[in-house]
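*Asks:*
Protein chains: 2
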Amino acid sequence: MEKRIEALLDNGFVSSVYFTGKTDEMKERILSLDKDYVVVTDENTFTYSPSPERTVVLESGEDHKNWESLERILSFALDRGMGRDGIFIALGGGVVCDMTALASALYMRGAGLMLCPTTLLAMVDATLGGKAAIDFRNTKNTVGAFHPASEIIISLSTLSSLPDKEFMCGMGEVVKHAFLSSDDELYKFLFSNRDGIMARDTAVLEKMVELSLLVKKSYIEKDPTETKGIRSALNFGHTFGHALESITDYSISHGEAVVWGMKKALTSGLWQGITPPPFYLWCIDLISQFPFLDEYKVAKKDYEAFVEATKKDKKKSGGVTKFVFLKGLGEPILSPLTDDQIAAMIV
Amino acid sequence: MEKRIEALLDNGFVSSVYFTGKTDEMKERILSLDKDYVVVTDENTFTYSPSPERTVVLESGEDHKNWESLERILSFALDRGMGRDGIFIALGGGVVCDMTALASALYMRGAGLMLCPTTLLAMVDATLGGKAAIDFRNTKNTVGAFHPASEIIISLSTLSSLPDKEFMCGMGEVVKHAFLSSDDELYKFLFSNRDGIMARDTAVLEKMVELSLLVKKSYIEKDPTETKGIRSALNFGHTFGHALESITDYSISHGEAVVWGMKKALTSGLWQGITPPPFYLWCIDLISQFPFLDEYKVAKKDYEAFVEATKKDKKKSGGVTKFVFLKGLGEPILSPLTDDQIAAMIV
Chain C
1 MEKRIEALLD NGFVSSVYFT GKTDEMKERI LSLDKDYVVV TDENTFTYSP SPERTVVLES
61 GEDHKNWESL ERILSFALDR GMGRDGIFIA LGGGVVCDMT ALASALYMRG AGLMLCPTTL
121 LAMVDATLGG KAAIDFRNTK NTVGAFHPAS EIIISLSTLS SLPDKEFMCG MGEVVKHAFL
181 SSDDELYKFL FSNRDGIMAR DTAVLEKMVE LSLLVKKSYI EKDPTETKGI RSALNFGHTF
241 GHALESITDY SISHGEAVVW GMKKALTSGL WQGITPPPFY LWCIDLISQF PFLDEYKVAK
301 KDYEAFVEAT KKDKKKSGGV TKFVFLKGLG EPILSPLTDD QIAAMIV
Chain R
348 MEKRIEALLD NGFVSSVYFT GKTDEMKERI LSLDKDYVVV TDENTFTYSP SPERTVVLES
408 GEDHKNWESL ERILSFALDR GMGRDGIFIA LGGGVVCDMT ALASALYMRG AGLMLCPTTL
468 LAMVDATLGG KAAIDFRNTK NTVGAFHPAS EIIISLSTLS SLPDKEFMCG MGEVVKHAFL
528 SSDDELYKFL FSNRDGIMAR DTAVLEKMVE LSLLVKKSYI EKDPTETKGI RSALNFGHTF
588 GHALESITDY SISHGEAVVW GMKKALTSGL WQGITPPPFY LWCIDLISQF PFLDEYKVAK
648 KDYEAFVEAT KKDKKKSGGV TKFVFLKGLG EPILSPLTDD QIAAMIV
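Going down the list, the sequences are from chains C and R.
Mapping of the first sequence onto our numbering: residues 1 to 347, in sequence order.
Mapping of the second sequence onto our numbering: residues 348 to 694, in sequence order.
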């Protein structure tokens with residue numbers, strides 16, 4: 001197990017990211033903890049837990065990313081008599097990581113947190129940065145907090161059994177990071193390692209996840225709690241994407257929705273003269289290297305619901321939702337769209 | 348309306364405390380806000396709200412300090428389409444303040460917060476310091492966060508209609524602050540203004556609340572999120588007190604329980620040689636100036652439940668609950684007690 005990334009957040013708090021090719025090393029690390037802990041998994045990841053008697057097993061899926069699941073985690077810790085110096089350990093995908101982080105944030109006003117992501121999406125999207133949340137009334141992550149993990153363990157071998165759809169879901173966020181990076185290292189890496197990535201070559205994936213997290217680190221260190229308008233850039237593709245997830249009742253995966261949303265944001269940026277045509281083509285070129293969701297047409301009867309869904313976005317300020325557009329590589333800007341402009345994009 | 352106290356917390360965040368004798372000034376301040384806002388009251392404080400159409404009215408009492416109430420606040424804000432730049436305004440006692448603060452902490456991972464306490468307890472205990480919480484499975488404030496208010500408006504006139512029991516509840520925390528202060532100004536003030544306090548003289552109460560909040564400020568500024576063992580001192584009397592509240596199903600008020608708990612902690616400190624006899628007597632002398640709850644004997648059948656309740660305390664570390672004892676004025680120390688020692692104190 002090797003420490004590769006350290007992100008320095010508010011108040012000198014450090015999130016450390018360790019990489020390992022072996023799930024056993026992750027288990028050993030958990031068993032070696034000198035504090036009380038509770039492991040949170042779902043039905044799919046229960047087998048990764050090294051201590052079944054300390055494990056809460058949640059029902060799988062975004063449908064269960066709610067208060068009831070959170071209550072189960074909190075109750076389990078309370079029944080164990082765990083103190084606020086105890087550690088909540090997430091062992092699963094993004095839903096498990098987000099909910100465990102929120103349980104840890106709320107338990108006695110803040111307990112310890114370790115994240116062991118088992119999906120590509122969770123590795124690149126739900127670890128560094130401290131975002132904790134549950135869904136609320138069909139709106140994603142409306143109820144949450146910032147509560148970073150002190151330790152993040154990325155065990156690449158968990159990806160070998162990941163279904164293709166889940167894998168591509170994570171790739172959506174990786175591609176997003178390639179566009180938000182201040183250099184083209186990740187972009188080039190993705191282009192030249194396309195086959196290794198799709199074959200799930202562990203060494204290739206490890207480098208890819210590391211490069212992706214380094215991009216994320218650069219944004220969150222400058223703006224740990226998303227109050228300075230810097231970190232919001234990580235929501236590129238997400239306002240369109242979240243609205244699509246919402247109107248399709250989350251039948252479309254997050255990563256697919258985000259790729260779809262990035263295309264919408266790129267096209268919309270192009271029309272407005274924000275995104276230069278060569279950069280637009282350069283981005284679309286990378287997206288087209290990977291088998292992402294084909295075009296999705298929003299049905300006319302859903303236009304209004306779609307526009308309404310964008311208005312619930314958390315990046316709203318003064319009643320107006322801001323979308324993220326790209327002026328170039330690593331050059332995001334936030335700007336609003338009218339209802340008609342939004343509708344025109346989803347026809 | 349006059350700003351009297353500024354507390355400097357983590358990341359340069361400032362909580363400002365304003366005092367006013369007139370409820371109308373508080374209402375005017377709310378109406379002058381240039382951001383979207385939601386007012387939270389309970390059935391008793393609804394009339395203080397200057398904008399009924401923006402007001403959530405919760406059921407009154409500690410019984411409703413739960414997720415269901417929190418959900419109502421969050422839903423109301425979501426239905427209004429309020430953004431994360433909006434402000435949650437608590438207008439009520441400690442329960443309303445604590446829940447509004449938690450709703451604000453969780454809404455889109457953190458919205459604005461203004462607290463307008465209408466009870467003495469809320470003024471001195473639930474404003475400065477950012478503690479947000481709900482009760483969870485009969486354990487007080489087990490689920491919560493630190494989320495300080497930018498603006499706190501103390502309108503003393505709201506105290507004139509406060510029932511005696513509620514008033515004395517707040518006095519418990521004021522007396523606690525007198526013992527935790529680094530000087531004897533508040534202690535002397537309470538002694539020499541006993542009659543003015545009990546007659547609810549507004550000028551006297553204003554000074555008393557200000558002195559009390561200055562003590563609290565000195566602790567929270569040094570340890571905003573209770574991670575350094577300094578702020579925990581504010582829990583003097585609370586481990587015994589919370590356990591009493593828990594086994595009596597919250598039929599005893601918080602302040603009364605805390606005074607009872609302080610007596611237990613003082614006596615226990617005396618027995619252990621931590622609290623010097625003259626200081627013990629000096630403290631008991633002040634408590635006896637005010638009509639607090641008489642001695643409460645825990646029934647023998649409840650000993651075990653009481654001891655168990657102390658083990659759910661949030662100050663637990665390494666599986667051991669630490670109680671706050673006093674070596675002298677403003678000299679708290681944290682130390683554990685055995686189950687037998689606890690039982691011996693409550694006979």
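The beta carbon of each residue, even a glycine, is placed where N, CA and C say it ideally should be.
1. For residue 546 (chain R), count neighbouring Cβ atoms within 10 angstroms of its own Cβ and tell me buried if that reaches 16, exposed if not.
2. Going straight from the alpha carbon of residue 17 (chain C) to that of residue 100 (chain C), what length do you get?
3. Given residue 586 (chain R), which residues of its chain have a CB within under 6 Å of its CB, disregarding the five upstream and five downstream residues?
4. Pick helix, strand or coil for residue 146 (chain C), following the three-state DSSP scheme.
5. Could you name the residues of chain B that residue 105 (chain C) contacts, counting a contact when the two beta carbons are closer than 7 Å?
6. Reducing DSSP to helix, strand and coil, say where residue 320 (chain C) ends up.
7. Using CA atoms only, rank isn't needed, just tell me which of R:449, R:506, R:681 and R:615 is closest to residue 687 (chain R).
8. Given residue 422 (chain R), which residues of its chain have a CB within under 6 Å of its CB, disregarding the five upstream and five downstream residues?
9. List, in chain order, every chain C residue whose beta-carbon is nearer than 9 Å to that of residue 652 (chain R).
10. Give the range of the beta strand (DSSP E) segment to which residue 350 (chain R) is assigned.
11. Around the C-beta of residue 484 (chain R), are 16 or more other C-beta atoms found within 10 angstroms, so that it is buried, or is it exposed?
12. What do you reckon, are the CB atoms on residue 172 (chain C) and residue 258 (chain C) nearer than 7 Å?
13. Find the residues of chain C that neighbour residue 425 (chain R), judging by a C-beta separation of less than 8 Å, and give them in chain order.
14. Taking only the alpha-carbon atoms, compute the straight-line gap between residue 366 (chain R) and residue 396 (chain R) and give it to the nearest angstrom.
15. Of all the options R:632, R:618 and R:640, which has the alpha carbon lying nearest to the alpha carbon of residue 598 (chain R)?
16. Check whether chain C comes within 7 Å of residue 358 (chain R), counting only Cβ atoms and requiring the distance to be less than that.
17. Would residue 455 (chain R) pass as an interface residue toward chain C - the criterion being a Cβ-Cβ separation below 7 Å?
18. If we call anything under 7 Å between Cβ atoms a contact, is residue 143 (chain C) one with residue 453 (chain R)?
19. Once DSSP output is grouped into helix, strand and coil, what is the label at residue 519 (chain R)?
20. Quick one: using the 10 Å Cβ neighbour count with 16 as the cut-off for buried, is residue 521 (chain R) buried or exposed?
21. Just to confirm before moving on: does the CB-CB distance between residue 442 (chain R) and residue 559 (chain R) stay below 7 Å?
22. I want to verify the contact list: residues of chain R whose CB lies under 7 Å from the CB of residue 339 (chain C), in sequence order.
23. Could I get the ranges of all uninterrupted beta strand (DSSP E) runs contained in the stretch 575-601 of chain R, with 3 residues as the minimum, in chain order?
24. Measuring only between beta-carbons, confirm whether residue 317 (chain C) sits less than 7 Å from chain R.
25. Distance, Cα to Cα, residue 569 (chain R) vs residue 526 (chain R)?
26. Does the beta carbon of residue 419 (chain R) sit closer than 7 Å to a beta carbon anywhere in chain C?
27. If we ignore side chains and look at the alpha-carbon of each, how far apart do residue 389 (chain R) and residue 636 (chain R) end up?
28. Let me see if you follow: with CB-CB separation under 7 Å, is residue 271 (chain C) close to chain R or not?
29. Measure the C-alpha to C-alpha separation of residue 190 (chain C) and residue 177 (chain C) and round it to an integer number of angstroms.
30. Out of C:1, C:2, C:3 and C:7, which has the shortest C-alpha to C-alpha gap to residue 218 (chain C)?
31. With 7 Å as the threshold, decide whether the Cβ of residue 431 (chain R) is near any Cβ in chain C.
*Replies:* The structure says:
1. exposed
2. Distance between residue 17 (chain C) and residue 100 (chain C), taken at the CA atoms: about 17 Å.
3. Result list for residue 586 (chain R): 657, 660 and 670, in chain order.
4. Secondary structure at residue 146 (chain C): strand, using DSSP grouped into helix, strand and coil.
5. Given the protein chain composition of this structure (C and R), no chain B is represented.
6. strand
7. R:615
8. none
9. Simply none; closest approach about 14 Å.
10. 349-355
11. exposed
12. yes
13. 136, 137, 139, 142 and 312
14. 18 Å
15. R:640
16. yes
17. When Cβ-Cβ separations below 7 Å define contact, residue 455 (chain R) makes contact with chain C.
18. yes
19. helix
20. By the Cβ-count criterion, residue 521 (chain R) is buried, with 16 or more other Cβ atoms from all chains shown falling within 10 Å of its own Cβ.
21. no
22. Going along chain R, no residue has its Cβ under 7 Å from residue 339 (chain C), so there is no contact; the nearest lies around 14 Å.
23. none
24. yes
25. 18 Å
26. By the rule that beta-carbons nearer than 7 Å mark a contact, residue 419 (chain R) does not touch chain C.
27. Near 32 Å, if we compare the C-alpha coordinates of residue 636 (chain R) and residue 389 (chain R).
28. no
29. Their Cα atoms are separated by approximately 11 Å.
30. C:7
31. Closer than 7 Å to some Cβ of chain C, the Cβ of residue 431 (chain R) qualifies, so yes.
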